[in-house]
Structures are given as structure tokens and as C-alpha cells.
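Engineer: Position one of the sequence shown corresponds to residue 100 (our numbering), numbered consecutively onward. For glycine and all other residues, C-beta sits at the position ideal for the given N, C-alpha and C. The structure that follows is given in the form of C-alpha cells.
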Amino acid sequence: MAAYVHPYYPLGLELPGVQPLVMPFEKILAVFFTACGMALAAGWYMTGRAKFLSTGERSMACWFLCSGLIHLFVEGTVVLNSKFYQDTSGNILNEIWKEYSKADSRYATRDDFVISMEAVTAFIEGPGCLLIVWGLLKAKPWRYTAVLLVSLGQFYGDVLYFGTCLHGGMSRHTRPEFIYFWFYFIIVNGVWLVMPMACMIHAAKKINNAIAGTGEKKHA
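As C-alpha cells, then:
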């Protein structure tokens, strides 16, 4: 039997024991995006019971719930399991990373920056996202400060992620096909630029308005 030739870039990359996908990639994507949809739906249902939340705040809570679960479970997996590409069990979390590594093989090669960044994302920003959801549901006074801090961390991490790729050359680690480069690498990761920026702007407005209101009361 011929040895399995992996699809990761650069093609000569040495990954001892690398195994092909157990699931078809269509099923992997279907499971991932269905799970995301369920998390968003659960968030919308939970926030619907908090009548004081605006539509924007409910949407933000849904984002942080989905994002937090992705950070903890999906990104946490790649931090803790360095040999995910050797898995033959069909574990969906390992399958996700075997598929995504076609867009960025640095996860398989355990790039120092990428894994360190993912550790911070998974185990600090992940719980932070879920804390924000609780803070929004309970109208905690610190909720917008937390939104600002966690969103800044997400945005900054994504900027560095793209920045290191640009500096080293994107084609070194990413397959050129549309689904890998444009969809997985650019579009999916780009969500963590757009959404955190929107959340930071919203949180900054809320904090600024609160401070302005306090100042007006003092001078009244």
C-alpha cells in the first residue's frame, strides 16, 4: 500500500503519522456550522427572556456565546492535542483541525506564535466571552468594560495572526484553492476582525455615554 501523501503546504512538510480525514469535508463543515447555528439560536432564546436587552445587545450576547464555545472547545483542542493530525477515530474536533490545517499548516507544525495565541484565545478569551453573556443577562455594571477588553484581545490576536502570515508569506502555509485560502483563511478569520470591532464601538459608546451622564449630574 502506498504511503499517504498529506495535502498540507508546503507539500514536503514532514508530519510523522499523518492520517487522512475520516469524515468527508462536507460533513465536517455541516457539523461545525450547525453547531454554531444552534449556539446562536440558544443565545437568542436566552436573551429573549431578558426584556431589558435591546436587539443589538441580544445579538452581541449571541456572538459572545458562539465565539466563547468555539474558543474553548475548538481552539482549546488544538492547543491541548498536538497530534490531532494522527487521529483515526473520527473525533469531530480533530477532523476540524485536520481540515483547517489545509488553510494554515502552522497548526500541525506547532508554530510557537500560533499555538501561544490560541492558548490565550481558548483559556482567557473563551471564558471571558461566556462571562460577558452572563453579565449582559444580569445587567452587571462591568459588562461593557468586559466587552471592550475581550473584543480588543480578539481583534489584536487576529491582526497579529494575519500580520505574521503577511510577513512570512501567505502562500508558504496555505493551499491556493478558493475554499482554503479565501473561505477558511480570509473570510472565516475575518469575522474575528469585523465582530470585535463592532462590539468595541458599541461598548465604547455605552461607556462614554455613562461617563457623560455622570458628569452632567455632578454639574447639575
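On a CA-only basis, which of F261, A140, I231, F131 is nearest D203? Give me that one, please.
Structural biologist: F261
Engineer: For S188, which of helix, strand or coil comes out of DSSP?
Structural biologist: coil
Engineer: Please name the residue in L168, P295, V117 whose C-alpha comes closest to that of Y255.
Structural biologist: Closest by C-alpha distance to Y255, out of L168, P295, V117, is P295.
Engineer: Only counting the same chain, and skipping five residues up and downstream in sequence, which positions put a Cβ closer than 7 Å to that of V104?
Structural biologist: none
Engineer: Tell whether a beta-carbon distance below 7 Å holds between L192 and T208.
Structural biologist: no
Engineer: At a cut of 8 Å, does the stretch 153-172 reach the stretch 130-143 through at least three beta carbon pairs?
Structural biologist: yes
Engineer: Going by C-alpha distance, which of K304, L230, E224, R205 is nearest T273?
Structural biologist: R205
Engineer: By a C-beta neighbour count over all protein chains shown, 10 Å radius and 16 as the cutoff for buried, is R148 buried or exposed?
Structural biologist: exposed
Engineer: Please confirm if the stretch 265-282 is in contact with the stretch 172-189, defined as three or more CB-CB distances below 8 Å between the two stretches.
Structural biologist: no
Engineer: If we count the other Cβ atoms within 10 Å of its Cβ and call it buried at 16 or more, is D211 buried or exposed?
Structural biologist: exposed
Engineer: Starting from S215 and walking both ways along the alpha helix (DSSP H), at which residues does that stretch end?
Structural biologist: Segment 211-219, the alpha helix (DSSP H) holding S215.
Engineer: Which two residues bound the contiguous alpha helix (DSSP H) that contains E156?
Structural biologist: 154-168
Engineer: I need the straight-line Cα distance from D257 to W281, nearest angstrom please.
Structural biologist: 16 Å
Engineer: If you follow the alpha helix (DSSP H) that M137 is part of, which residue opens it and which one closes it?
Structural biologist: 124-147
Engineer: Comparing the CB of I278 with every heavy atom of the ligand FAD, is any distance shorter than 6 Å?
Structural biologist: Summarising the ligand content, the structure contains no ligands, and the ligand FAD is consequently not present.
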